[in-house]
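Novice: Pasting in a structure now, in structure tokens, and then I'll have a few things to ask.
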Amino acid sequence: MDEHRKQDGSSAVLPSSQSLRRLAISESGFVFDPVSGHHFTVNETGLEILHHLQKEQDLPELLSLLGREYSVGTRELERDVVEFAGMLRKFIGD
Amino acid sequence: MMAPTVAITGMNARPDNPGPGVAVARCLKESPEFKGRIIGLGYDALDPGLYLREYCDAAYLLPYPSAGDEAFITSLQAIHEAEHIDVIIPCLDAELPGMVRLTPQFDEMGIRYLMPTPGQLQLRNKDRLPELASHAGIHCPEIKTVSQVGFFYQCQDEGWSYPLVVKGLFYGASIVDSADEAADAFREIAAQWGYPVLVQRVVEGEEYNLTAVCDGSGRMLGEVMMKKMAVTDKGKAWSGVSIFDQTLYDASAALIKAINWRGPLEVEVMRDHQGRYQLIEINPRFPAWIYLSAGVGRNLPLILLRLILDEATGELPDAQPGVLFIRHAVETIVPQSEFESVIMNGGQHLS
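Protein chains in written order, with the numbering used here: chain H, 4 to 97; chain Y, 2 to 352.
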């Protein structure tokens, strides 16, 4: 089984797209969760990842997309995205 | 809307723990639909709402609930003769039992209200919350009634450990870390609010509140939910943000249905580290942060007034999430003549 997927096929690493779709994301990088009342800010890269995650829940595809845009090693990129996803999950209580 | 004269209690507004009355009056006065008069009712000559002419047309002092029902109704009758009160909105926990007892007299005087029955009021008492929560399918930290200070020195034998919360039946709550601290809190709360004193297990997490109006048929109308963003030393909201969480909605709706609540109320919950809501309190009145309801497009005091006056509440707009309130302290300048009038005459006209 894919180590990034749960038995139901959803990502074990990424927050659920259902939770992410409820977020109010401003292009300024201000993000508000209308369910938990939490807010946080993200930079341009974080904003891009968030937009992508709201539509697509495929980690390898996200890494491939980011790999084409940013000159960074695959392992470093995966580590950073997984860390970012972990922070997101914590913020939205997923 | 008709032009009713509405009496509102709870005109105290100390920054660390304000009463809801001023905010309720503000919701009504600032609504273009409200054409009536507001009579502010307070218990202390330093209650600021008694001097706020932007929210109150007249203001009067009432005897404290501890003076008894007769003193209260005599005072209210005198105010009624002067002001012809159409509606009364009680805003303080401690006065609710007496107010509910006095509803037959309100009926005789032609004063309208929307209040719970004595039975409904008792069902949401702090010492009965676990039973109610269980019935409604929501978690609730264990609560115990304590009548002797010795409990705090032996509580470990009964499976209680520090920190824990010491609470009054109506008001007051302190988180204590030791038996000595608990004993001090116990004596202070007992002296101020009487017995019994309650202890509750501490729930760590974030506090969320819901306020709504209920018509006595088990329905919850116009709910507004809020997450506290900053609190005073007493744990009262200093700022908050509106939210919408279906889980909190369902839990609150189940609680209200279980007791067929009538009138305004506030449900206080903690979201623990496992993401579960734990019921902390149900307050039988609007909260002090009720002005947020007007801020999110659901003016709950106005909705309450419509229900009391048998007017249609109409379709309520969704409460907009992400709207903040930030409280601030304001000095009101009071001419000596106004203070004198409240002290010597028990009230004054402001308009």
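Every residue, glycine too, gets a C-beta built ideally from N, C-alpha and C.
Keep in mind it's a predicted model, so treat the numbers as computed, not measured.
1) Distance, Cα to Cα, residue 38 of chain H vs residue 229 of chain Y?
2) Between residue 191 of chain Y and the rest of its own chain, which residues show a CB-CB distance below 7 Å, the 5 nearest in sequence each way excluded?
3) Could you work out which residue in Y/253, Y/217, Y/207 and Y/223 is closest to residue 272 of chain Y when comparing CA atoms only?
4) In chain order, which beta strand (DSSP E) runs of at least 3 residues are fully inside the segment 174-233 of chain Y?
5) Look at the alpha carbon of residue 308 of chain Y and the alpha carbon of residue 265 of chain Y, and state the distance between them as a whole number of angstroms.
6) Within 10 Å of its beta-carbon, does residue 333 of chain Y have 16 or more other beta-carbons around it, so buried, or fewer, so exposed?
7) Suppose the cutoff is 7 Å on Cβ atoms and the five residues either side in sequence are ignored; what does the same chain contact list for residue 239 of chain Y look like?
8) Note down, in chain order, every chain H residue with its Cβ under 9 Å from the Cβ of residue 246 of chain Y.
9) Tell me whether residue 73 of chain H is buried or exposed, calling it buried when 16 or more other Cβ atoms sit within 10 Å of its Cβ.
10) Shorter than 8 Å from the beta carbon of residue 242 of chain Y to some beta carbon of chain H?
11) Short check: CB of residue 18 of chain H to CB of residue 78 of chain H, under 8 Å?
12) Starting from residue 70 of chain H, trace the alpha helix (DSSP H) both ways and give me its first and last residue.
13) Quick one: what does DSSP say residue 42 of chain H is sitting in, helix, strand or coil?
14) Since residue 228 of chain Y meets chain H, which of its residues come closer than 9 Å, beta carbon to beta carbon?
15) Kindly say whether residue 322 of chain Y, judged by its beta-carbon, lies nearer than 8 Å to any beta-carbon of chain H.
16) Which residue wins for smallest C-alpha separation from residue 1 of chain Y, given the options Y/321, Y/280 and Y/311?
17) Going straight from the alpha carbon of residue 31 of chain Y to that of residue 183 of chain Y, what length do you get?
18) First and last residue of the beta strand (DSSP E) that includes residue 145 of chain Y?
19) Which residue marks the beginning of the alpha helix (DSSP H) containing residue 61 of chain Y, and which one marks its end?
20) For the segment 88-164 of chain Y, list the alpha helix (DSSP H) runs that are entirely contained and at least 4 residues long, ordered along the chain.
21) By alpha-carbon positions, which one of Y/143, Y/174 and Y/149 ends up nearest to residue 160 of chain Y?
22) Indicate whether at least one CB of chain Y lies closer than 8 Å to the CB of residue 88 of chain H.
23) Among H/30, H/71, H/80 and H/67, which one has its Cα closest to the Cα of residue 46 of chain H?
24) Identify which residue in Y/294, Y/154 and Y/303 has its Cα closest to the Cα of residue 326 of chain Y.
25) Between residue 310 of chain Y and residue 113 of chain Y, what straight-line distance do the alpha-carbon atoms span, to the nearest angstrom?
26) Looking only at its chain, what residues have a beta carbon closer than 8 Å to the beta carbon of residue 134 of chain Y, apart from the 5 residues adjacent to it on each side?
27) Following the continuous alpha helix (DSSP H) through residue 278 of chain Y, name the residue where it begins and the one where it ends.
28) Can you check which of these residues, Y/8, Y/19 and Y/95, is closest to residue 331 of chain Y by C-alpha distance?
29) I'd like to check one pair, residue 60 of chain Y with residue 12 of chain Y: are the Cβ atoms closer than 8 Å?
30) Indicate whether at least one CB of chain Y lies closer than 8 Å to the CB of residue 4 of chain H.
31) Which stretch, first to last residue, makes up the alpha helix (DSSP H) that contains residue 238 of chain Y?
32) Could you tell me the alpha carbon to alpha carbon distance between residue 168 of chain Y and residue 200 of chain Y, rounded to whole angstroms?
33) Hey, residue 286 of chain Y and residue 97 of chain Y are a contact pair by Cβ (cut 8 Å); roughly how many whole angstroms apart?
Specialist: This is what the structure holds:
1) Looking up residue 38 of chain H in the first sequence gives position 35. Looking up residue 229 of chain Y in the second sequence gives position 228. Spanning the two alpha carbons is a distance of roughly 13 Å.
2) By one-based count along the second sequence, residue 191 of chain Y stands at place 190. If we look at residue 191 of chain Y and ignore the five residues flanking it on each side, its Cβ neighbours are 198.
3) The sequence position of residue 272 of chain Y within the second sequence is 271, counting from 1. When each option's Cα is compared against that of residue 272 of chain Y, the closest is Y/207.
4) 174-177, 198-202, 206-216 and 221-232
5) Here residue 308 of chain Y refers to the residue found at position 307 when the second sequence is read from its first residue. Here residue 265 of chain Y refers to the residue found at position 264 when the second sequence is read from its first residue. In a straight line, the C-alpha of residue 308 of chain Y is about 11 Å away from that of residue 265 of chain Y.
6) Numbered from 1 along the second sequence, position 332 holds the residue referred to as residue 333 of chain Y. That one is exposed.
7) Indexing the second sequence from 1 puts residue 239 of chain Y at position 238. Correct list, in chain order: 231, 232, 233 and 328.
8) Taking the second sequence and counting its residues from 1, the one referred to as residue 246 of chain Y is at position 245. Contact note: residue 246 of chain Y reaches chain H through 37, 38, 39 and 40, using a C-beta cutoff of 9 Å and chain order.
9) Residue numbering aside, residue 73 of chain H sits at position 70 when the first sequence is read from its first letter. Classification of residue 73 of chain H: exposed, given that the 10 Å Cβ count is below 16.
10) The sequence position of residue 242 of chain Y within the second sequence is 241, counting from 1. Interface residue, yes.
11) To locate residue 18 of chain H, count along the first sequence from 1; it is residue 15. To locate residue 78 of chain H, count along the first sequence from 1; it is residue 75. No. Outside cutoff.
12) The residue given as residue 70 of chain H occupies position 67 in the first sequence. Taken as a continuous stretch (DSSP letters only), the alpha helix (DSSP H) holding residue 70 of chain H covers 62-72.
13) For the purposes of this step, residue 42 of chain H is identified with residue 39 of the first sequence, where counting begins at 1. Of the three classes helix, strand and coil, the one that applies to residue 42 of chain H here is strand, per DSSP.
14) Along the second sequence, one-based indexing puts residue 228 of chain Y at 227. Ordered by position in chain H, the residues that pass the 9 Å Cβ test against residue 228 of chain Y are 39, 40 and 41.
15) Here residue 322 of chain Y refers to the residue found at position 321 when the second sequence is read from its first residue. Cβ-Cβ to chain H under 8 Å: yes for residue 322 of chain Y.
16) Summary: the structure shown does not reach residue 1 of chain Y, with chain Y confined to residues 2 through 352, and so no result is reported for it.
17) As a first step, residue 31 of chain Y is located in the second sequence; it is residue number 30 there, counting from the start. As a first step, residue 183 of chain Y is located in the second sequence; it is residue number 182 there, counting from the start. The straight-line gap from Cα to Cα measures roughly 44 Å.
18) One-based indexing of the second sequence puts residue 145 of chain Y at position 144. Note, residue 145 of chain Y: beta strand (DSSP E), 144-147.
19) Residue mapping note: residue 61 of chain Y aligns to position 60 of the second sequence, counting from 1. Careful: residue 61 of chain Y lies outside any alpha helix (DSSP H), inside the beta strand (DSSP E) at 59-62.
20) 97-102, 104-110, 119-124, 130-137 and 152-155
21) What you label residue 160 of chain Y is simply residue 159 of the second sequence in a count that begins at 1. Among Y/143, Y/174 and Y/149, the Cα nearest to that of residue 160 of chain Y belongs to Y/143.
22) Position 85 of the first sequence holds residue 88 of chain H. Interface residue (Cβ-Cβ distance to chain Y less than 8 Å): residue 88 of chain H is not classified as such.
23) Position 43 of the first sequence, counted from the first residue, corresponds to residue 46 of chain H. The residue with the shortest Cα to Cα distance from residue 46 of chain H is H/30.
24) For the purposes of this step, residue 326 of chain Y is taken as the residue at position 325 of the second sequence. Of the candidates Y/294, Y/154 and Y/303, the one whose C-alpha sits nearest the C-alpha of residue 326 of chain Y is Y/294.
25) Sequence index remark: in the second sequence, residue 310 of chain Y carries index 309 (1-based). Sequence index remark: in the second sequence, residue 113 of chain Y carries index 112 (1-based). Looking at the two C-alpha atoms, the distance is approximately 8 Å.
26) As a working mapping, residue 134 of chain Y is identified with position 133 in the second sequence. Around residue 134 of chain Y: 140, 141, 256 and 280.
27) Along the second sequence, one-based indexing puts residue 278 of chain Y at 277. Residue 278 of chain Y -> not in any alpha helix (DSSP H); beta strand (DSSP E) instead, spanning 278-284.
28) Within the second sequence, the letter at position 330 stands for residue 331 of chain Y. Of the candidates Y/8, Y/19 and Y/95, the one whose C-alpha sits nearest the C-alpha of residue 331 of chain Y is Y/19.
29) Your numbering for residue 12 of chain Y matches position 11 in the second sequence. Your numbering for residue 60 of chain Y matches position 59 in the second sequence. Taking 8 Å as the Cβ cut-off, residue 12 of chain Y and residue 60 of chain Y qualify as a contacting pair.
30) Here residue 4 of chain H refers to the residue found at position 1 when the first sequence is read from its first residue. Its pLDDT being 42, under 50, residue 4 of chain H is placed unreliably by the model, and nothing is read from it.
31) To locate residue 238 of chain Y, count along the second sequence from 1; it is residue 237. Element bounds for residue 238 of chain Y: not the alpha helix (DSSP H) but the beta strand (DSSP E), 238-244.
32) If you number the second sequence from 1, residue 168 of chain Y lands on position 167. If you number the second sequence from 1, residue 200 of chain Y lands on position 199. Computed Cα separation, rounded: 6 Å.
33) Taking the second sequence and counting its residues from 1, one reaches residue 286 of chain Y at position 285. Taking the second sequence and counting its residues from 1, one reaches residue 97 of chain Y at position 96. Going by Cβ atoms, the distance from residue 286 of chain Y to residue 97 of chain Y rounds to 7 Å, so yes, they are a contact pair.
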